[in-house]
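Asker: So the protein sequences, as listed, match chains A and B. Reminder that position 420 of the first sequence reads as 415 in the working numbering, one-by-one numbering, no gaps. Positions in the second sequence are counted from 1; adding 56 to them yields the working numbering. By construction, the Cβ of each residue, glycine as well, lies at the ideal position given by its N, Cα and C atoms. The model shown is predicted, which means the values in this text are computed figures rather than measured ones. After the structure tokens below, expect a handful of questions from me.
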Amino acid sequence: MSTTQTINGPAVLELHNVAKKFGSVVALTSATLTVQPNSIHALVGENGAGKSTVVKIVAGLYQRDGGEFLFRGESVDFGSTAAAKQAGIAVIYQEPTLFPDLSVTENIFMGRQPTGRFGRIDRKAMRDEAKQIFARLAVRIDPDRPADGLSIADQQIIEIAKAISLDARLLIMDEPTAALSGVEVERLFAVARSLRDEGRGLVFISHRFNEVFALCDTITVMRDGAFISTDPIDAVSEDEIVRRMVGRDVTNLFPKQETTVGDELLSVENLTATGLFHDVSFTVRAGEIVALAGLVGAGRSEIARAVFGVDNYESGTVRIGGKRVPKRNPAAAMALGLALVPEDRRKQGLILESSVSRNATLAIRKKLASFGIIRSASENRSARIWADRLRVKTASLDTLAGTLSGGNQQKVVLGKWLATEPRVLIIDEPTRGIDVGTKAEVHRLTSELAGRGMGILMISSELPEVLGMADRVLVVREGRITAEISRAEATAENVMFAATHAEGVAR
Amino acid sequence: MNSVETGLEPKQAERRAVADYGNPVWRRWLFSRETAVIAALVVVVIVASAVVPYFGTPTTLAFLLLDATPILLIALPMTLVIITGEIDLSVASTLGLSSVILGVLTKAGVPIEFAMVICLLVGLLAGAINGFLVTVVGLPSLAVTIGTLALFRGIAVGLLGTTAITNFPVFWQTLVQMRLGTTGIPVVMVLVIVLIIIFAVVLHFTPFGRGLVALGLSRDTAAFSGVNVNRAKFIAFVLTGVVSALAGIYWTLRYGSARGDNAVGLELSVIAAVLLGGVSIFGGKGALHGVVAGVLLIGVLQSALRLANVSSDAINIITGVLLIVSVLSPRFLAWTKGLRSRPRAGEPHPPL
Chain A
-4 MSTTQTINGP AVLELHNVAK KFGSVVALTS ATLTVQPNSI HALVGENGAG
46 KSTVVKIVAG LYQRDGGEFL FRGESVDFGS TAAAKQAGIA VIYQEPTLFP
96 DLSVTENIFM GRQPTGRFGR IDRKAMRDEA KQIFARLAVR IDPDRPADGL
146 SIADQQIIEI AKAISLDARL LIMDEPTAAL SGVEVERLFA VARSLRDEGR
196 GLVFISHRFN EVFALCDTIT VMRDGAFIST DPIDAVSEDE IVRRMVGRDV
246 TNLFPKQETT VGDELLSVEN LTATGLFHDV SFTVRAGEIV ALAGLVGAGR
296 SEIARAVFGV DNYESGTVRI GGKRVPKRNP AAAMALGLAL VPEDRRKQGL
346 ILESSVSRNA TLAIRKKLAS FGIIRSASEN RSARIWADRL RVKTASLDTL
396 AGTLSGGNQQ KVVLGKWLAT EPRVLIIDEP TRGIDVGTKA EVHRLTSELA
446 GRGMGILMIS SELPEVLGMA DRVLVVREGR ITAEISRAEA TAENVMFAAT
496 HAEGVAR
Chain B
57 MNSVETGLEP KQAERRAVAD YGNPVWRRWL FSRETAVIAA LVVVVIVASA
107 VVPYFGTPTT LAFLLLDATP ILLIALPMTL VIITGEIDLS VASTLGLSSV
157 ILGVLTKAGV PIEFAMVICL LVGLLAGAIN GFLVTVVGLP SLAVTIGTLA
207 LFRGIAVGLL GTTAITNFPV FWQTLVQMRL GTTGIPVVMV LVIVLIIIFA
257 VVLHFTPFGR GLVALGLSRD TAAFSGVNVN RAKFIAFVLT GVVSALAGIY
307 WTLRYGSARG DNAVGLELSV IAAVLLGGVS IFGGKGALHG VVAGVLLIGV
357 LQSALRLANV SSDAINIITG VLLIVSVLSP RFLAWTKGLR SRPRAGEPHP
407 PL
């Protein structure tokens, strides 16, 4: 299939300079994407490049703030996902949500069952159509079985069948292969090709370049919420695409101090939890910042949570300063000098309905008690020390944490954990969703802490942050550490390459 | 190191300590939910003393407190359970079971002091069963305790049938009824007050209490902060079982009767009083002084209405309406607040 085909009729989808803001956060500045009928179009970019926002605008979940959105040649404005579906747009997600207790057929026709006389549901018509769709896709799924227990691959096929029964002209597949096995991927690709040959337009989002190059005919690269390029797939190389994805200047907002690396503080050996991560081993030494890089969903946060003891793992050991950290016991890990600033600060880091003071002292509540009793005065004293040191902007210490800005919330969480005086600090996405100024403050603080001999394990999806802060970069791909790259050798290209390629990269 | 110019370094003058509180003490105290309940209690007491004949007498006070004691006792650990976001509906059945066991053992010639210890252990076991099913097995506490409500009551009735045991040592029966001088305040209130103080301190001034409140507000954050969520909930259920059994001992001695159907339906009065006292059914919010005021408010109201010859059906209706109003009022206040500051509500969350 070549892209220089004669175009009969208008493009299925055209986006021109679409913009989207959430409050002060700019998600898209100028997204541009043209999808032709009879085509499978790859959309690639780093985490946070704006791919998901594009999908959600096309699917009617978000409304754009600016730019043009044409569907089959007509300017459209979908107020809801239902309107977008009705018009002929279908989105297949990584993990579809079906009604587990209903049959496959019922799931396909949910909400628009064909009716016979007196408004009764025409089960036979429904079943026949489902069978016919499956025959067309050359897949074998029993239309009468309940959706519960179907593999993710089969669930995606059900979603595709739903799209076909609605005669969707545009199908968007958002990382559909992330949870599929090799055979299942092949089947999905065969289905995708037959849909293409029926004249539909497909958008395929994936981080796996081998799949992108095997399936797609056109490729669009996005970066920082903006359109970068669109090319026929045979006109570009993998290396070129990677360069375009990461090709920004790594700005010097990263005040990395040179430190002398000391003794080994944290050592993780052969940590395994089935389905999440496998055989993970690494160490963090005093004064060192080690970054866990990789794609969202690669298993980095899961590793951190298991190390800290919030989640369980099957085998392997975690040691701090040579002492074994017990499984599933964060309190014991804290006592040994481990702290975790979690990924989701609103759900895991803070109690939004509680005061700044209570939040800042939650992790040290046992140390604050004298003769088993905690007094507000000692709580406030400790909270004030950290609020001042980290320059938290809050009206007072009894202000509810949920009312602070994202950056200040993150400072409260950092203060909460620094108050425990940890020897090893794990920070999971420490600067996600906070403004540039506070970001720099967090970076400086992190660097300072390492300078004073703390061991730091930083999980970050932002390459500049990883490259700017880390002494060593460990790249995680699909639950395994696939590469270890020193500060001197780490580049955006080789980190990204290791994060997306099965073969790994030269050490 | 070269400090990075971010334009964020605060000028020295701006740098000041953060204030402890946004509002002065009296304001924070005056506008709290607990203060409202206490105020309602005071108003009802004043009005009833003025209007209802015999309300202000020591005898009325004595009976009011003796009646309120089982609810007051069980409300203390129930507050802990509800603050963790769970509920225990089996308390009245545990009370009944404890009462029956006290009767059966005493009748069999076991010294009553020893029988009381057995009762408390049975209560501990009952609470541990609830706690085990909720925390280890992971079932919802509503379902678990509806089940144990029937189970414990079933065992109690099964042990004694429809008969009652009424022979208890006079010493213990008079001790429970005894008053402090001429005040009308029962001696038993000393024990109740000691327990109130212990529970208040545990909930509001200990690391364990901080953990309970934290996990009621955000289970994940509590777990990430080193709170042992399951252990905390388990302890709350065990405490509830033990105190319910204690209330069973009290009930038996006060009425001089061990029956399988003692205190049927009391769990609803307990939960009603706890909610009236300002504890959120969704967990995380509430204070023990509010709960004590809530129990007394219901007790005073019922006592006064009964003295005023209001029928018991009407009393039930009034208590029911009061409860609904009290549960709705914070939501209503939040809703009116929401109307005044609209824009934040509909804003989508940035996809980060």
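What are the start and end residues of each continuous alpha helix (DSSP H) run of 4 or more residues lying completely inside the region 191 to 215 of chain A, in chain order?
Answerer: 204 to 210
Asker: Any beta-carbon of chain A closer than 8 Å to the one on B/R266?
Answerer: yes
Asker: If we require 4 or more residues per run, which alpha helix (DSSP H) segments fall completely within the region 93 to 151 of chain B?
Answerer: 114 to 139
Asker: Helix, strand or coil for B/M234, going by three-state DSSP, please let me know.
Answerer: coil
Asker: Determine, using beta-carbon pairs with one atom in the region 417 to 430 of chain A and one in the region 330 to 337 of chain A, whether at least three such pairs fall under 8 Å.
Answerer: yes
Asker: Helix, strand or coil: which one does DSSP assign to A/A493?
Answerer: helix
Asker: Note down, in chain order, each residue of its chain lying with its Cβ closer than 6 Å to the Cβ of B/G358, except the 5 sequence neighbours on either side.
Answerer: In the sequence on display, residue 358 of chain B carries Gln and not Gly. Excluding residues within five positions, the ones whose Cβ falls inside 6 Å are I371.
Asker: Which residue comes first and which comes last in the alpha helix (DSSP H) that contains A/P459?
Answerer: L458 to M464
Asker: Using 8 Å as the limit for Cβ to Cβ distance, is B/L273 near chain D?
Answerer: Among the protein chains of the structure shown, namely A and B, there is no chain D.
Asker: Roughly how many angstroms lie between the CA atoms of A/G74 and B/G272, to the nearest whole one?
Answerer: Whole-angstrom Cα-Cα distance: 37 Å.
Asker: Using a Cβ cut-off of 7 Å, pull out every chain B residue sitting near A/Q404, in sequence order please.
Answerer: Against chain B, the beta carbon of A/Q404 has no neighbour under 7 Å; the closest one sits roughly 12 Å away.
Asker: Using the beta-carbon count (16 or more within 10 Å), is B/W82 buried or exposed?
Answerer: exposed
Asker: May I have the straight-line CA-CA distance separating A/P5 from A/D162, to the nearest angstrom?
Answerer: Roughly 17 Å separates the two Cα atoms.
Asker: For chain A, check one thing: does any of its Cβ atoms lie closer than 8 Å to the Cβ of B/S146?
Answerer: Closer than 8 Å: no.
Asker: Spell out the partners DSSP gives A/D383 in its beta bridges.
Answerer: DSSP output for A/D383 lists no bridge partner at all.
Asker: Can the beta-carbon of A/T213 be found closer than 8 Å to that of A/S34?
Answerer: Contact flag set, yes.
Asker: From the DSSP output, which residues share a beta bridge with A/E259?
Answerer: A/R280
Asker: Rounding to the nearest angstrom, what Cα-Cα distance links A/D135 and A/D306 in this structure?
Answerer: Reading off the sequence, residue 135 of chain A comes out as Arg, not Asp. About 38 Å.
Asker: Below 8 Å between beta carbons: does that hold for A/L290 and A/A79?
Answerer: Taking the C-beta atoms as reference points, A/A79 is found no nearer than 8 Å to A/L290.
Asker: For A/R447, which three-state DSSP category applies?
Answerer: coil
Asker: List the endpoints of the continuous alpha helix (DSSP H) containing A/E424.
Answerer: Segment: none, A/E424 is in no alpha helix (DSSP H) and carries neither H nor E.
Asker: What does DSSP give as the partner residues of A/M168 in its beta bridges?
Answerer: A/I87 and A/F199
Asker: Taking Cβ positions only, does B/T230 come closer than 8 Å to chain A?
Answerer: By this cut-off, B/T230 is not an interface position.
Asker: Is A/P459 close to chain B? Criterion is C-beta to C-beta, closer than 8 Å.
Answerer: Chain B, which has no Cβ nearer than 8 Å to the Cβ of A/P459, makes this no.
Asker: From B/S313, B/L136, B/R266 and B/V213, pick the residue whose C-alpha is nearest to that of B/F293; which is it?
Answerer: Put simply, of B/S313, B/L136, B/R266 and B/V213 the residue whose alpha carbon is nearest the alpha carbon of B/F293 is B/L136.
Asker: Measure the C-alpha to C-alpha separation of B/G409 and B/T296 and round it to an integer number of angstroms.
Answerer: With chain B covering 57 to 408 only, the question about residue 409 of chain B has no answer from this structure.
Asker: Quick check on the burial criterion: 16 or more other C-beta atoms within 10 angstroms. Buried or exposed for A/M491?
Answerer: Residue burial is scored here from C-beta neighbours: A/M491 has at least 16 other C-beta atoms within 10 angstroms and is therefore classed as buried.
Asker: Where does A/M453 sit, in a helix, a strand or coil, going by DSSP?
Answerer: strand
Asker: I'd like to know whether the C-beta atoms of B/A360 and B/V98 end up nearer to each other than 8 Å.
Answerer: no
Asker: Might you give, ordered along the chain, the residues of its own chain that have their beta carbon closer than 6 Å to the beta carbon of B/K163, omitting 5 neighbours on each side?
Answerer: Cβ neighbours of B/K163 within its own chain (closer than 6 Å, five residues either side excluded): I221.
Asker: If you follow the beta strand (DSSP E) that A/F17 is in, where does it begin and where does it stop?
Answerer: L8 to F17
Asker: Is B/M245 helix, strand or coil when you go by DSSP?
Answerer: B/M245: helix per DSSP, three-state reduction.
Asker: Leaving out five residues before and five after B/L259 in sequence, what residues of the same chain have Cβ atoms less than 6 Å from its Cβ?
Answerer: The answer, listed in chain order, is G265 and L344.
Asker: Looking at the C-beta of A/N375, does it have a partner C-beta in chain B at a distance below 8 Å?
Answerer: Taking Cβ atoms only, chain B reaches closer than 8 Å to A/N375, which makes this a yes.
Asker: Keeping to the same chain, check which residues put their C-beta closer than 7 Å to that of B/Y110; ignore five residues upstream and five downstream.
Answerer: T116 and L363
Asker: Locate the beta strand (DSSP E) running through A/T477, then write down its first and last residues.
Answerer: R475 to S481
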